[in-house]
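No gaps in the numbering here: position 264 of the sequence shown is 267 in our numbering, and each next residue is one more.
Note that CB positions come from ideal geometry on N, CA and C, so glycine has one too.
First the structure, in the form of C-alpha cells, and then the observations on it.
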Amino acid sequence: MTGFDVVTGAFSYSGAAIARELQATGRRVRTLTGHPGRVPEPGAAGGIEVRPLDFADPAALAEAMRGAGTLYNTYWVRFAHGSVDHPVAVTRSRVLLQAAAEAGVRRIVHVSITNPSPDSPYPYFRGKAAVEEALGDLGVSHAVLRPAVLFGGSGVLINNIAWLLRRLPVFAVGGTGAYRLRPIHIDDLARLAVRAGRSDATEVIDAVGPERPTFDELVHTIRNLVGSRSRIIHVPGTVIPVAGRALGLVLRDTLLTADEYQGMADGLADTDGPATGETGLTQWMADHKDTLGRVYANELTRHFR
4 MTGFDVVTGA FSYSGAAIAR ELQATGRRVR TLTGHPGRVP EPGAAGGIEV RPLDFADPAA
64 LAEAMRGAGT LYNTYWVRFA HGSVDHPVAV TRSRVLLQAA AEAGVRRIVH VSITNPSPDS
124 PYPYFRGKAA VEEALGDLGV SHAVLRPAVL FGGSGVLINN IAWLLRRLPV FAVGGTGAYR
184 LRPIHIDDLA RLAVRAGRSD ATEVIDAVGP ERPTFDELVH TIRNLVGSRS RIIHVPGTVI
244 PVAGRALGLV LRDTLLTADE YQGMADGLAD TDGPATGETG LTQWMADHKD TLGRVYANEL
304 TRHFR
C-alpha cells in the first residue's frame with residue numbers, strides 16, 4: 004500500500020497502538036508530537052516520520068499533514084496541569100483539526116470519551132463534546148471513537164489499582180462501588196480506529212469491551228488475581244478525592260481527581276451498547292497477573308516531566 008497517515012502522539016499510549024496497527028497494514032506513519040524527548044534515537048523510530056505538534060504554528064501543522072490520507076487524533080489532557088487545562092485543550096484541538104482541513108486530509112478519526120456532553124458538570128466531558136462539535140463543523144469525513152477505560156500495554160488505571168492492592172493494607176472503594184465500567188484493550192481500540200480510517204461513513208462508535216464489571220467487582224477480581232491481602236472497605240464518595248490527593252503527594256502524581264471519581268460514580272464510564280472490542284478484561288488480567296501492578300505508572304512523569 005502507498006500513502007501515509009498522521010497520528011498524534013505515536014510514541015505515547017493510544018497513538019503508539021494506532022501507529023503499530025497502521026504499519027502492520029502497510030501504511031506509512033507520520034507523527035505530530037509535543038514531546039520531543041520521547042522521540043527515539045535516529046534509526047530507532049520504527050520508520051515513523053516525526054513532526055512537531057506546535058499549536059502556535061497552524062501553517063506548519065497544515066504542511067505536516069499535507070498529502071495525508073487520515074489524521075488519527077489522540078490529543079487531549081487528562082487533567083489540568085500548569086497553564087494547560089481542558090478549555091486550552093479544546094482550543095488546541097480546534098487549531099489541529101482546522102489545520103487538517105486546510106491540508107486537505109481526506110478523513111479524521113478522533114478519539115473522544117464515552118458520554119461527552121456540552122452540559123456536563125465536568126470540564127473533561129464538556130471539553131470532549133466541544134471538540135466533537137468542532138469536528139462536525141469542519142465538513143471533513145470523520146469518525147469518532149468513544150472509549151471509557153483503556154487497558155493493556157502501559158495502561159494506567161488497572162495497573163495502578165493492582166499496584167495499590169499489592170502495597171496497601173486497606174483499599175477504599177467510594178460508595179457502594181456499584182458503578183460500572185466498559186474497559187477496552189488498547190489494541191482493540193487501534194483496530195477500530197484503523198477500520199474507521201478506511202471507511203467513508205460519518206460515524207460515532209462506542210469503543211467498549213465485552214465485559215462490564217462494577218468497580219467493586221473489578222477491585223475484588225484484581226485483588227484475588229495478584230494475591231493481595233489488602234482489605235477492601237467502602238467509604239463515602241467524598242473521602243476518595245481526599246485520599247487520592249494524599250496518595251498523590253506521596254507518589255508525586257495525580258492519582259485521581261474529584262471529577263474523575265464523580266464521573267465514574269455517575270456512570271459515565273459505562274454504556275449500554277454492544278461490545279466493539281473483543282479482548283476480555285478478566286482473562287487479560289489473569290494472563291498478566293504476575294506482572295500487573297509491579298511498577299507504578301506515574302502520569303505526571305509520562306506527560307509533564
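- Residues 214, 224 of the same chain have their beta carbon placed closer than 7 Å to that of residue 285, with the five preceding and five following residues left out of the count.
- Put simply, the backbone Cα of residue 71 is about 15 Å away from that of residue 21.
- Residue 163 and residue 300 do touch by the CB rule: their CB atoms are close to 6 Å apart, below 8 Å.
- Pairing residue 302 with residue 189, the inter-Cα distance amounts to about 17 Å.
- The beta-bridge partner set that DSSP reports for residue 186 consists of 152.
- Taking the Cα of residue 275 as reference, the smallest distance to any Cα among 306, 250, 183, 116 is reached at 183.
- Of the residues assessed, residue 134 falls on the buried side of the cut-off, its CB having 16 or more other CB atoms within 10 angstroms.
- Using a 10 angstroms sphere on the CB of residue 117, the tally of other CB atoms reaches 16 or more, which defines it as buried.
- In chain order, 80 place their CB closer than 8 Å to the CB of residue 87, counting only its own chain and leaving out the 5 sequence neighbours on each side.
- Within the same chain, Cβ atoms closer than 6 Å to the Cβ of residue 37 are found at 56, the five residues on either side in sequence being excluded.
- The Cβ-Cβ distance between residue 17 and residue 73 does not fall below 9 Å.
- Assignment of residue 225 by DSSP, reduced to helix, strand and coil, places it in the helix class.
- When DSSP states are grouped into helix, strand and coil, residue 179 belongs to the coil group.
- Per DSSP, the unbroken beta strand (DSSP E) holding residue 52 starts and ends at 52-55.
- For residue 294, no alpha helix (DSSP H) run applies, since DSSP gives it neither H nor E.
- If you check the CB distance, residue 52 and residue 30 do not come in under 9 Å.
- Secondary structure in the region 115-161: the alpha helix (DSSP H) runs of 4 residues or longer, each lying completely within the stretch, are 126-141 in chain order.
- Excluding residues up to 5 positions away in sequence, 219, 237 lie with their Cβ nearer than 8 Å to the Cβ of residue 179 in the same chain.
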